[in-house]
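Counting from 1 along the sequence shown, just add 9 to a position and that's the residue number in my numbering. The block underneath contains the structure these notes are about, expressed in structure tokens.
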Amino acid sequence: MIHYSCDICQRPIHLHSDVRHVVKIEVFPAVEDGGCPCDDLEGIEAEADHLEEMQDLLEQLDDCDDPRMDQDAARSMRFDLCDACRQRFVKNPLGLKSGTQLNFSQN
Ligand SMILES: [Zn+2]
């Protein structure tokens, strides 16, 4: 049996009594111009229903050595949260300290 624990508070998440919440965060450079086959993935995927084209595309992606797509630039993260931490996370996803982002009323 797989045991989960909350990635924030380390509390064990019991699947029979708790709800496990999964947070997925993807960090990648926003690239506006073309130049790399990776950039065209979305458009091609929408238009092409040919398996062959997808295969070609995947091979291109494998060969892609665009420095923008390296490990440091593109990250996909996944966290398991208990319900309490999920509520806190949703309210403040970036972990900003309260008070620092709501100073608009001060002069
Ligand atoms: Zn937690």
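Using N, Cα and C, we set each Cβ at its ideal position, and we do this for glycine too.
Open item on the list: Within the continuous beta strand (DSSP E) that includes Arg87, where are the two ends?
Closed with: Here residue 87 refers to the residue found at position 78 when the sequence shown is read from its first residue. Where Arg87 is concerned, the enclosing beta strand (DSSP E) stretches over Arg84 to Leu90.
TODO: With DSSP collapsed to three states, give me the class of Val32.
DONE: Along the sequence shown, read from residue 1 onward, the residue named residue 32 stands at position 23. Three-state result, Val32: strand.
Open item on the list: Can you determine whether any heavy atom of ligand 1 sits closer than 7 Å to the C-beta of Leu24, and answer yes or no?
Closed with: Numbered from 1 along the sequence shown, position 15 holds the residue referred to as residue 24. No; taking the cut-off as 7 Å, the Cβ of Leu24 has no heavy atom of ligand 1 nearer than that.
Task: 8 Å Cβ cutoff met for Val28 and Asp92 - done: Walking along the sequence shown from the start, residue 28 turns up at place 19. Walking along the sequence shown from the start, residue 92 turns up at place 83. It is a contact, given that the beta carbons lie within the stated cut-off.
TODO: Specify which residues have a beta carbon nearer than 7 Å to any heavy atom of ligand 1, listing them in chain order.
DONE: Cys15, Ile17, Cys18, Arg20, Leu90, Cys91, Ala93 and Cys94
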